[in-house]
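> Residue numbers (UniProt numbering): 1 to 270.
Beta carbons are placed, not taken as given, at the ideal position from N, Cα and C, and that holds for glycine.
Only a predicted model underlies this, so the values are computations on that prediction, with no experimental measurement involved.
Once you've had a glance at the structure underneath, I'll fire off some questions.
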Amino acid sequence: MAAAGGWRAGRARRRRRGRGEEDEDDDDEDEGEGGPGTEAVLRRLREARDDLLSSGFWAASAGAVRSPLSGPGEPPARCVCYGLGRFGRCPAARYQLAFLLLLLDELRVPPARCALFDPAFSAREAAVLRALGLCLLPENEEGKHGVEGEATVFYMVHCGKALYNNLLWSNWSPVALSKMVIIGNSFRGIEERLLSRILERDYSYIAKVLKGVEEVALPSHPRYLDTFNDTSVHWFPLDKLQELSPEVWDFVEEPMYQDCEDLEIIRKGE
């Protein structure tokens, strides 16, 4: 996954940090793509990539990633990533970004066809993403992103439930949903943890699509329990969606979350 200029060897690290420990030397100063801080983050990303490969986690996860490709649907042409977090400081977010880059290689999606957004990104982190050849979405979409007729992977590890719900609403038709793959929080887990009345009231599109989704969990690995826990690959076979009641598709009101006590996402303009 050697995007142009993105994986050059850098200076040796001062010490090795634990996966749950924030890095000490990631200041937020605005620097160019070739700055020393950018190179340090790229070096740590390369180490995270190598760790995912040497630990066997990526090899074990690749089967789940390939699951949606075994059907008749078209292969993904692009990728959208939400909620990655402060990967320049947080090792878990850095492993998630390294996984995303391996995913793009596996699916043969060019980095330029992958767009990311997180309101928390620093100027340095934005520079790192650009150095990797990735794109940045210009504004907070709140997950309301249409597939626009192209098969699209949405990479949304540990995002808020409203983000998944908004994404489903934005693509609420059998044809559009059948072009989506979502890698993120397990829909089955959401169903199990929430009272059904709360799920149907606040996250109605997740509730309605449960009978039309296929899901395969990423494997559990002791080294990445906090990084990829509760993460699954979801896809929506067209024949399964067409078996749902026609009334499922009639209600397309935009989610507003007036009664939701813990929304878990940052709203546009906040």
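Mapping the DSSP letters down to three states, classify Glu21 as helix, strand or coil.
With a pLDDT of 49 at Glu21, under the threshold of 50, the modelled position of this residue cannot be trusted; read the value that follows with caution. In this structure, Glu21 counts as coil in the three-state DSSP scheme.
> For the region 182-218, which segments carrying the alpha helix (DSSP H) assignment without a break, of at least 4 residues, lie completely within its bounds, in sequence order?
Segments of the alpha helix (DSSP H) lying fully in the region 182-218: 187-193, 196-202 and 204-209.
> Look at the alpha carbon of Ala92 and the alpha carbon of Glu39, and state the distance between them as a whole number of angstroms.
Between Ala92 and Glu39, the C-alpha separation is close to 19 Å.
> So, for Asp27: in the same chain, excluding its five sequence neighbours on each side, which residues have a beta-carbon less than 6 Å away from its beta-carbon?
For Asp27, the predicted structure reports a pLDDT of 49, less than 50, and the residue's modelled location is therefore unreliable. The matter cannot be settled from this model.
> Could you check what DSSP says for Val252 in three-state terms: helix, strand or coil?
It is coil, neither helix nor strand.
> Could you name the residues of the same chain whose beta carbon sits closer than 7 Å to that of Leu102, not counting the 5 residues immediately before and after it, in chain order?
If we look at Leu102 and ignore the five residues flanking it on each side, its Cβ neighbours are Met1, Arg49, Leu52 and Trp58.
> Got a sec, what are the start and stop residues for the beta strand (DSSP E) Tyr82 sits in?
Looking at the DSSP string, the run of the beta strand (DSSP E) that includes Tyr82 is Arg78 to Tyr82.
> When burial is assigned at 16 or more other CB atoms within 10 Å of the CB, is Lys211 buried or exposed?
Classification for Lys211: exposed.
> Taking C-beta to C-beta, are Pro75 and Leu100 nearer than 8 Å?
No; because the gap between Cβ atoms is not below 8 Å, this pair is not in contact.
> Go ahead and label Ala12 buried or exposed: buried means 16 or more other beta carbons lie within 10 angstroms of its beta carbon, across all protein chains shown.
Residue placement at Ala12 cannot be trusted, given a pLDDT of 32 that sits under 50; what the coordinates show is reported in the next sentence. Ala12 is exposed by the Cβ-count criterion.
> If you count every other CB in all the chains shown that lies within 10 Å of the CB of Gln258, and 16 or more means buried, which is it?
It counts as exposed.
> How many angstroms separate the CA atom of Ser70 from the CA atom of Val209?
So the alpha carbons of these two residues sit roughly 21 Å apart.
> Alpha helix (DSSP H) containing Phe232: first to last residue?
The identity of residue 232 in the sequence shown is Ser, whereas the question assumes Phe. Here Ser232 belongs to no alpha helix (DSSP H); instead the beta strand (DSSP E) covers Thr231 to Trp235.
> Alpha carbon to alpha carbon, how far is Ala98 from Arg46? Give it in angstroms, no decimals.
Their Cα atoms are separated by approximately 8 Å.
> Is Leu136 helix, strand or coil when you go by DSSP?
Of the three classes helix, strand and coil, the one that applies to Leu136 here is strand, per DSSP.
> For Glu261 and Leu167, I'd like the C-alpha separation in whole angstroms.
For Glu261 and Leu167, the distance between alpha carbons rounds to 20 Å.
> Is the CB-CB distance between Tyr82 and Phe117 below 8 Å?
Taking 8 Å as the Cβ cut-off, Tyr82 and Phe117 qualify as a contacting pair.
> I'd like to confirm the pairing. Which residues does DSSP put opposite Cys114 in its beta bridges?
Paired residue(s): Cys79.
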